[in-house]
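**Student:**
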Amino acid sequence: MHTGVNVTALTVFLLFFALVTVMGFLASRWRRAEDSLHLHEWGLGGRSFGTWVTWFLLGGDLYTAYTFVAVPAAIYGTGAAGFFAVPYTIIAYPLVFLFLPRLWSVSRVHGYVTPADFVRGRYGSKSLSLVVALTGILATMPYIALQLVGIQAVLDVLGVGGSGNWFMKDLPLFLAFAVLAAYTYSSGLRAPALIAFVKDTLVYIVIIVAVIYIPMRLGGYGHIFDAAAQKFSTVNPATGKPSGSLVLGPKAHWTYATLALGSALALFMYPHSVTGVLASKSRNTVRRNMAIMPAYSLMLGLLALLGFMAIAAGVGKGVKGFNAQLSVPQLFENMFPDWFTGVAFAAIGIGALVPAAIMSIAAANLFTRNIYKEFLKPDATPADETRIAKIASLLVKVGALAFVLAMDKQFAINLQLLGGLWILQTFVTVVGGLFTRWFHRWALLAGWAAGMAYGTWKAYGISSPATKHFGGNTAEIPFIGEIGFIGLTAFVLNLAVAVVLTLVLKAVKAPEGADETSSTDYSAEAGDEAVTKAPQPAAAH
65 MHTGVNVTAL TVFLLFFALV TVMGFLASRW RRAEDSLHLH EWGLGGRSFG
115 TWVTWFLLGG DLYTAYTFVA VPAAIYGTGA AGFFAVPYTI IAYPLVFLFL
165 PRLWSVSRVH GYVTPADFVR GRYGSKSLSL VVALTGILAT MPYIALQLVG
215 IQAVLDVLGV GGSGNWFMKD LPLFLAFAVL AAYTYSSGLR APALIAFVKD
265 TLVYIVIIVA VIYIPMRLGG YGHIFDAAAQ KFSTVNPATG KPSGSLVLGP
315 KAHWTYATLA LGSALALFMY PHSVTGVLAS KSRNTVRRNM AIMPAYSLML
365 GLLALLGFMA IAAGVGKGVK GFNAQLSVPQ LFENMFPDWF TGVAFAAIGI
415 GALVPAAIMS IAAANLFTRN IYKEFLKPDA TPADETRIAK IASLLVKVGA
465 LAFVLAMDKQ FAINLQLLGG LWILQTFVTV VGGLFTRWFH RWALLAGWAA
515 GMAYGTWKAY GISSPATKHF GGNTAEIPFI GEIGFIGLTA FVLNLAVAVV
565 LTLVLKAVKA PEGADETSST DYSAEAGDEA VTKAPQPAAA H
């Protein structure tokens with residue numbers, strides 16, 4: 065265990081960082097755009113990515129540095145409850161297989177770049193489109209910030225930034241995101257798509273080596289699970305209860321199930337997830353990816369086991385106030401040779417850069433298409449859109465960096481939990497619209513408002529040892545009495561309000577917005593005549 069800077073690990077880490085930096089800038093020449101002034105070229109990679117590129121892009125997008133750090137940290141801290149992340153990804157892919165191809169098709173026909181574009185076209189409602197866009201940006205910002213938390217965890221364990229000067233302490237973080245901002249500005253979505261090949265390969269190598277090599281050093285999985293069981297059976301003096309459990313107790317079943325289902329519904333509502341899908345070159349590419357993406361769920365299950373290994377390795381034992389977010393980086397430094405520790409840390413570091421780039425691009429697309437063009441400059445040219453999106457992506461990154469440096473890390477984590485709750489409230493509008501035009505636009509707006517208000521209010525009232533408000537994302541489910549995911553309860557309220565008000569508004573013949581889509585749009589393929597005659601993104605509205 066190193067008490068200062070781990071020079072060997074840091075050198076390997078920097079070499080990989082330099083490699084992906086070069087790749088990021090070269091990506092602008094990869095699949096060179098026919099017309100780089102169109103937003104779909106910069107923000108969606110020209111909608112040209114095939115099965116493998118999309119698979120790596122979505123994997124790099126969804127399985128982030130924070131996933132690498134937070135999932136094992138949850139296992140380290142609470143045990144079996146932290147495994148909800150595994151079933152939720154298993155549930156998600158069959159679920160989104162039903163609607164993502166439809167979203168891709170209608171977006172291809174009409175040149176939609178964001179889910180809010182689709183909402184605007186489907187319901188003819190600027191206000192509904194605006195709240196979908198704002199919700200997406202709001203939910204994405206803390207997610208970008210948490211990628212910084214993942215990088216900081218690695219830098220802390222590497223021993224970098226030990227100076228008492230705040231600027232020198234955070235200088236590596238400034239440099240990392242300055243480089244990220246530069247190549248994202250230059251290459252757009254092509255940069256993270258290309259870098260994702262390196263990131264995902266490193267992640268798979270590190271996890272496969274870890275689940276074989278570390279148990280060999282710790283005396284096998286039997287010893288690892290025994291050590292975890294012993295730790296979780298110990299009573300926490302602060303609460304008077306065991307700190308966790310190896311097997312989920314009956315009282316936790318509702319919490320576990322609702323977290324898994326709610327998170328699965330929310331996963332592909334995030335703008336960065338939709339961006340990866342819309343960048344695909346064909347409808348079949350989307351379908352194939354939803355079939356093979358569960359390979360990442362296997363990786364996630366193996367990754368979660370690292371939390372138990374950290375317990376068996378004695379990581380953080382006897383350290384007062386040990387930060388569980390450091391459990392995996394510290395485990396790697398304790399158990400691996402220095403050179404391979406550098407490889408592992410590079411996987412986490414690059415695992416932050418790829419999703420942060422995609423998230424900032426997705427947020428910039430939303431701002432440009434659904435706020436700037438819709439409300440500020442309706443006559444914006446394609447070149448204007450692209451320029452504003454590039455600037456917006458820089459501002460988003462700067463905001464996330466300032467957020468992490470100025471705010472408590474726990475607050476960033478709490479906001480990310482809220483982000484999942486918030487983004488789930490767009491599900492009724494987006495997914496409902498892909499299958500039916502029955503819902504009234506005003507009813508959907510009211511349902512969204514009800515879900516957002518209820519979920520935020522309930523989350524505000526939750527305290528934890530670390531914070532007075534927003535200390536969790538579970539509470540008692542009304543009328544059922546069980547503890548469940550607040551976001552799913554808010555979603556049910558959202559849906560109920562939308563259904564009831566739609567019935568009322570239809571009964572009083574309230575005006576409905578114009579629908580610019582047709583039934584054939586939702587099954588269109590890239591080679592269909594309707595697609596080739598579709599308007600370009602600049603003319604979508």
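Note that the sequence shown covers residues 65 to 605 in the numbering used here. Don't be surprised by glycine CBs; every beta carbon is placed ideally from N, CA and C. Predicted, not measured: the structure shown is a model, and the values here were computed from it.
Got a sec? Which residues, its chain only, sit under 6 Å from Arg501 by beta carbon, not counting five neighbours each side?
**Tutor:** On the sequence shown, residue 501 is found 437 positions in, with the first residue counted as 1. Cβ within range, chain order: Asp579.
**Student:** Per DSSP, what kind of secondary structure is Ser424 in: helix, strand or coil?
**Tutor:** Stepping through the sequence shown from its first residue, residue 424 is reached at position 360. Of the three classes helix, strand and coil, the one that applies to Ser424 here is helix, per DSSP.
**Student:** Check the C-beta distance from Ala255 over to Gly88 and give it rounded, since I have them as a contact under 8 Å.
**Tutor:** Walking along the sequence shown from the start, residue 255 turns up at place 191. Walking along the sequence shown from the start, residue 88 turns up at place 24. About 4 Å separates the two Cβ atoms, so the contact holds.
**Student:** Please state if the CB of Leu488 and the CB of Met333 are separated by a distance shorter than 9 Å.
**Tutor:** If you number the sequence shown from 1, residue 333 lands on position 269. If you number the sequence shown from 1, residue 488 lands on position 424. For Met333 and Leu488, yes; Cβs fall inside 9 Å.
**Student:** At which residue ranges does the region 383-465 contain complete alpha helix (DSSP H) runs of 4 or more residues, listed in the order of the chain?
**Tutor:** List check, alpha helix (DSSP H) in window: 391-399, 402-431.
**Student:** For the region 171-214, which segments carrying the beta strand (DSSP E) assignment without a break, of at least 3 residues, lie completely within its bounds, in sequence order?
**Tutor:** Segments of the beta strand (DSSP E) lying fully in the region 171-214: there are none.
**Student:** Less than 9 Å between the beta carbons of Leu103 and Phe439, yes or no?
**Tutor:** Along the sequence shown, one-based indexing puts residue 103 at 39. Along the sequence shown, one-based indexing puts residue 439 at 375. Against a cut-off of 9 Å, the Cβ pair of Phe439 and Leu103 comes out as no contact.
**Student:** According to DSSP, which residues form a beta bridge with Thr531?
**Tutor:** As a working mapping, residue 531 is identified with position 467 in the sequence shown. According to DSSP, which records beta bridges pairwise, Thr531 is partnered with Ser528.
**Student:** When you compare the CB positions of Leu465 and Pro206, do they come within less than 9 Å of one another, or not?
**Tutor:** Residue 465 sits at position 401 when you count from the first residue of the sequence shown. Residue 206 sits at position 142 when you count from the first residue of the sequence shown. Going by C-beta atoms, Leu465 is not nearer than 9 Å to Pro206.
**Student:** For Asp402 and Ala388, what's the separation of their Cα atoms in angstroms?
**Tutor:** As a working mapping, residue 402 is identified with position 338 in the sequence shown. As a working mapping, residue 388 is identified with position 324 in the sequence shown. Whole-angstrom Cα-Cα distance: 22 Å.
**Student:** Could you give the C-beta distance for Val418 and Ala590, rounded to a whole number, given that I count them as a contact under 8 Å?
**Tutor:** As a position in the sequence shown, residue 418 is number 354, starting the count at 1. As a position in the sequence shown, residue 590 is number 526, starting the count at 1. About 25 Å; that fails the 8 Å criterion.
**Student:** Any contact of the region 308-315 with the region 398-413, i.e. 3+ C-beta pairs under 8 Å?
**Tutor:** No, they do not touch.
**Student:** Are Gly123 and Tyr360 touching if we call contact CB-CB under 9 Å?
**Tutor:** Taking the first residue of the sequence shown as position 1, residue 123 is located at position 59. Taking the first residue of the sequence shown as position 1, residue 360 is located at position 296. Cβ atoms of Gly123 and Tyr360: closer than 9 Å.
**Student:** Buried or exposed, going by whether 16 or more other CB atoms sit within 10 Å of the CB of Pro165?
**Tutor:** Taking the first residue of the sequence shown as position 1, residue 165 is located at position 101. Under this definition Pro165 is a buried residue.
**Student:** Which residue comes first and which comes last in the alpha helix (DSSP H) that contains Glu546?
**Tutor:** Your numbering for residue 546 matches position 482 in the sequence shown. First-last for Glu546: undefined, no H or E at that position.
**Student:** Per DSSP, what kind of secondary structure is Lys573 in: helix, strand or coil?
**Tutor:** As a position in the sequence shown, residue 573 is number 509, starting the count at 1. In this structure, Lys573 counts as coil in the three-state DSSP scheme.
**Student:** What separation, rounded to the nearest whole angstrom, lies between the Cα atoms of Asp264 and Val133?
**Tutor:** The count along the sequence shown starts at 1 and reaches residue 264 at position 200. The count along the sequence shown starts at 1 and reaches residue 133 at position 69. Asp264 and Val133: Cα-Cα distance of roughly 15 Å.
**Student:** Look up Lys305 in the DSSP assignment and give the residues it is bridged to.
**Tutor:** Numbered from its first residue, the sequence shown carries residue 305 at position 241. Beta-bridge pairing links Lys305 to Asn300.
**Student:** Would the region 293-307 count as touching the region 156-173 if we require 3 or more Cβ pairs under 8 Å?
**Tutor:** Because the criterion of three Cβ pairs below 8 Å is not met, the region 293-307 and the region 156-173 do not touch.
**Student:** Please state whether DSSP places Ser227 in a helix, a strand or coil.
**Tutor:** Taking the first residue of the sequence shown as position 1, residue 227 is located at position 163. A caution first: Ser227 carries a pLDDT of 49, below 50, which makes its placement in the model unreliable, though a value can still be read off. Looking at Ser227 - three-state DSSP - the assignment turns out to be coil, as it is neither helix nor strand.
**Student:** Taking 9 Å as the cut-off, decide whether the C-beta atoms of Leu198 and Arg505 are in contact.
**Tutor:** Taking the first residue of the sequence shown as position 1, residue 198 is located at position 134. Taking the first residue of the sequence shown as position 1, residue 505 is located at position 441. No, these two residues do not count as a Cβ contact at 9 Å.
**Student:** Is Ala539 helix, strand or coil when you go by DSSP?
**Tutor:** The sequence position of residue 539 within the sequence shown is 475, counting from 1. It is a strand residue.
**Student:** Cα separation between Glu576 and Ser583?
**Tutor:** What you label residue 576 is simply residue 512 of the sequence shown in a count that begins at 1. What you label residue 583 is simply residue 519 of the sequence shown in a count that begins at 1. Roughly 18 Å between the two C-alpha positions.
**Student:** Which of the three DSSP states is assigned to Leu113 in this structure?
**Tutor:** Position 49 of the sequence shown, counted from the first residue, corresponds to residue 113. The amino acid at residue 113 is misidentified as Leu; the sequence shows Phe. DSSP places Phe113 in strand when its eight states are reduced to three.
**Student:** Hey, Ala73 and Thr405 are a contact pair by Cβ (cut 8 Å); roughly how many whole angstroms apart?
**Tutor:** What you label residue 73 is simply residue 9 of the sequence shown in a count that begins at 1. What you label residue 405 is simply residue 341 of the sequence shown in a count that begins at 1. At roughly 4 Å, the Cβ-Cβ gap stays under 8 Å, so Ala73 and Thr405 are in contact.
**Student:** Go ahead and pull the three-state DSSP assignment for Gly143.
**Tutor:** Along the sequence shown, read from residue 1 onward, the residue named residue 143 stands at position 79. Here Gly143 sits in strand by DSSP.
**Student:** Keeping to the same chain, check which residues put their C-beta closer than 6 Å to that of Leu212; ignore five residues upstream and five downstream.
**Tutor:** As a working mapping, residue 212 is identified with position 148 in the sequence shown. Result list for Leu212: Val468, in chain order.
**Student:** According to DSSP, is Ser346 helix, strand or coil?
**Tutor:** Counted from its first residue, the sequence shown places residue 346 at position 282. Coil at Ser346, not helix or strand.
**Student:** Excluding the 5 residues preceding and the 5 following His143 in the sequence, name in chain order all residues of the same chain whose CB lies nearer than 6 Å to its CB.
**Tutor:** Here residue 143 refers to the residue found at position 79 of the sequence shown. Correcting the residue type first, residue 143 is Gly in the shown sequence and not His. These residues qualify, in order along the chain: Phe296, Gly308, Ser309, Leu310.
**Student:** In terms of alpha-carbon separation, which member of Gly340, Met399, Leu390 lies closest to Ala377?
**Tutor:** Position 313 of the sequence shown, counting from 1, holds the residue named residue 377. Nearest option by C-alpha distance: Met399.
**Student:** Please look up how many angstroms separate the CB atoms of Val210 and Ile477, rounded, as I've assumed it's under 8 Å.
**Tutor:** Within the sequence shown, the letter at position 146 stands for residue 210. Within the sequence shown, the letter at position 413 stands for residue 477. Per the sequence shown, the amino acid found at residue 210 is Leu instead of Val. Indeed they touch by this definition, with Cβ atoms about 7 Å apart.
**Student:** Grab me the residues of Ser92's own chain with a C-beta within less than 7 Å of its C-beta, minus the 5 sequence neighbours each way, in chain order.
**Tutor:** Start at 1 with the first residue of the sequence shown, and residue 92 comes out as number 28. Closer than 7 Å at Cβ, skipping near neighbours: Ser250, Ser251, Arg254.
**Student:** Is Asn530 buried or exposed, if buried means 16 or more other CB atoms sit within 10 Å of its CB?
**Tutor:** Indexing the sequence shown from 1 puts residue 530 at position 466. Residue identity check: residue 530 is Ala in the sequence provided, not Asn. It counts as exposed.
**Student:** Reducing DSSP to helix, strand and coil, say where Asp264 ends up.
**Tutor:** As a working note, residue 264 is residue 200 in the sequence shown. Three-state result, Asp264: helix.
**Student:** Taking the alpha helix (DSSP H) that Val84 falls in, what are its first and last residues?
**Tutor:** Against the sequence shown, residue 84 aligns to sequence position 20. Start and end: 71-90.
**Student:** Whose C-beta lies closer than 7 Å to the C-beta of Leu282 among residues of the same chain, with five residues either side of it excluded?
**Tutor:** Walking along the sequence shown from the start, residue 282 turns up at place 218. For Leu282, where only same-chain residues beyond five positions count, the Cβ hits under 7 Å are Ile288, Met373, Ala376, Ala377.
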